[in-house]
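Taking our numbering, the leading residue of the sequence shown gets 31, the next gets one more, and so forth.
Idealized CB from N, CA, C, for every residue including glycine.
First the structure, in the form of structure tokens, and then the observations on it.
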Amino acid sequence: MKPDLIITWPRNVEYPLFRQFVRDSRSNFGKVIIVFTSSGSEIDYSQFVINAMSNDDCIFLSSSPILPGEDWRNVAIQDALKLTTSDWLWFMEQDFLVTDPAFWDEINEYITYREVIGVKENSGRLHPCCLLIRRDTLNRTGCDFGIVQDQMDHFGLIQSDLEALDVFITGLTPKYYHHMNGLSHNFHLASTMQEVTYYPDEFKRYLSGCLTLTGVPLDPRFEKVAKSMLLQ
């Protein structure tokens, strides 16, 4: 069983480690659908990403325009869902890092008899950094991935619907992965020469790891930002 992978990708951020992850793990997915979203920034890595991943069998989309009252992430995901064909869907963020090969063993086991698999925080919140769900189970929800202002973050409505349907949500083993959190915002800050205050040492380790990659190309603009950050 190979889930279709859906990724929303802000145009102003680059994720070399994630591109390496997709390349190394491509056989574990059906379709890989990447939806580029607007960021309000003049920086745009999307064409570089398309070129760099040309051999990775991905589908690239530009998100539909966001109308008043719509949520940007929900709009992007709805665009991607139209192209999915697998019985399983896998939503992932680029700051989700698989750290142990046992992660895949766990996924392959759970996918045979569970309906929903994901990252559960201590609060009980189902985090959108990594979520697998059967397509027929998702179809039983309202399929709304947006936020509820001051109440729920992205995917909160999906979790609420699943709980109302009494669908059991299987949590992944934390020691098999690491979720950085804040990666996109940190890179935006570094790119615009603002101070990075959210786990700066972890962010520097991430950038250092990106600069040592040999399996995927690096955008010179990303290298400039990374090297500048590492000098601080």
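Cβ separation of residue i and residue j, assumed to be a contact under 8 Å, to the nearest whole Å
i	j	result
R103	T38	6 Å
Q50	L243	6 Å
F133	L161	F133 to L161, Cβ: 14 Å. No contact.
D87	R56	7 Å
L15	L119	Residue 15 falls outside the range modelled here, since the chain spans only 31 to 262, and no answer is possible.
Proximity of residue i and residue j at Cβ, strictly below 9 Å
i	j	result
V178	G186	yes
S93	D34	no
I63	L91	yes
T114	K32	no
Y228	H218	no
T142	Y207	no
E100	G176	yes
Collapsed DSSP secondary structure at residue i in the structure displayed
i	result
M259	helix
F233	helix
F90	strand
F48	helix
L162	strand
H209	strand
I73	coil
V79	helix
F133	helix
H150	As written in the sequence, residue 150 is Lys, which differs from the His given in the question. K150 falls in the strand class under three-state DSSP.
P250	helix
V226	coil
Cβ-based burial, residue i [other Cβ within 10 Å; buried from 16]
i	result
L156	buried
R235	exposed
N138	exposed
Q124	buried
P204	exposed
L261	exposed
T67	buried
M223	exposed
S221	buried
Q263	There is simply no residue 263 to check, as the chain begins at 31 and stops at 262 in what is shown.
Cβ-heavy atom distance, residue i to the ligand PLP, below 8 Å
i	result
K150	Of ligands this structure carries none, so the ligand PLP is not represented either.
**Asked** Are the segment 189-203 and the segment 145-154 in contact at 8 Å, needing three or more beta carbon pairs?
**Response** yes
**Request:** Check whether the segment 238-254 touches the segment 40-50, counting contact only when three or more Cβ pairs, one atom from each stretch, lie closer than 8 Å.
**Result:** yes
**Message:** Counting beta carbon pairs with one atom in the segment 105-122 and one in the segment 73-87, are three or more of them shorter than 8 Å?
**Reply:** no
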